[in-house]
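Notes to accompany the following structure.
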Amino acid sequence: MLLAGCSGFSLAGKLVEDIVTQAQTINFKRIIETKRRELASAIRAQTAGIAIGDSEHDPIDQMQSMKLREEHATRLGQLSRILAQVDRSLHEISEGSYGLCAECEEPISLKRLEIIPWASYCVRCQEYLEHRASAERKAA
Ligand SMILES: [Zn+2]
Numbered sequence: 014m015l016l017a018g019c020s021g022f023s024l025a026g027k028l029v030e031d032i033v034t035q036a037q038t039i040n041f042k043r044i045i046e047t048k049r050r051e052l053a054s055a056i057r058a059q060t061a062g063i064a065i066g067d068s069e070h071d072p073i074d075q076m077q078s079m080k081l082r083e084e085h086a087t088r089l090g091q092l093s094r095i096l097a098q099v100d101r102s103l104h105e106i107s108e109g110s111y112g113l114c115a116e117c118e119e120p121i122s123l124k125r126l127e128i129i130p131w132a133s134y135c136v137r138c139q140e141y142l143e144h145r146a147s148a149e150r151k152a153a
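When you number the sequence shown by the numbering used here, it's gap-free, plus one each residue, and the end is 153.
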């Protein structure tokens, strides 16, 4: 006989909806893998943008291409950081530790993962780290 009403039970006092389930993890994995492919091709495009443009001799062209290259480099840095997070999430999925904050090891809320499936930190730690980073920037 099948047990009815199994959904919505709580696990060790935690609401099930707050914890990433196996099915959700599989779903997130798919999203993350798609993102990884997007990032890889975006990184290739940005890398090409940095490499192209060595033939200008006009100083204005050179300045512009230098500025462009700087923009490509900045963008490349951002993409690489996201790629590192994406790779880390995929690793965590394979290890079975997906959805835990890298700082406090508490589960990252499902709402947050739905927005950023490759998030490494819970909202609280993310805010704390950003606050600290901007404070360090101001101090420098
Ligand atoms: Zn945390």
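Ideal Cβ positions, reconstructed from N, Cα and C, are used throughout, including at glycine.
**Prompt:** Is the Cβ-Cβ distance between Leu92 and Leu142 less than 7 Å?
**Reply:** no
**Prompt:** What residues does ligand 3 have around it, judged by CB closer than 5 Å to any heavy atom, in chain order?
**Reply:** Absence of ligand 3 from the depicted structure is noted, with ligand 1 being the only ligands included.
**Asked** Taking Cβ positions, are Ala132 and Arg125 nearer each other than 7 Å?
**Response** yes
**Request:** Go ahead and pull the three-state DSSP assignment for Pro130.
**Result:** coil
**Message:** I'd like to check one pair, Arg88 with Ile63: are the Cβ atoms closer than 7 Å?
**Reply:** no
**Backbone secondary structure at Leu24 - three-state DSSP** = At Leu24 the pLDDT is 45, less than 50, meaning the model places this residue with poor confidence and gives no usable figure here.
**Request:** Drop a sphere of 10 angstroms on the beta-carbon of Lys48, count the other beta-carbons inside from all chains shown, and report buried for 16 or more, exposed for fewer.
**Result:** buried
**Message:** Three Cβ pairs or more, each shorter than 8 Å: is that satisfied between the segment 97-110 and the segment 135-149?
**Reply:** no
**Asked** Which residues in the same chain as Lys42 place their Cβ atom closer than 6 Å to its Cβ, once the five residues preceding and following it in sequence are excluded?
**Response** Ile106
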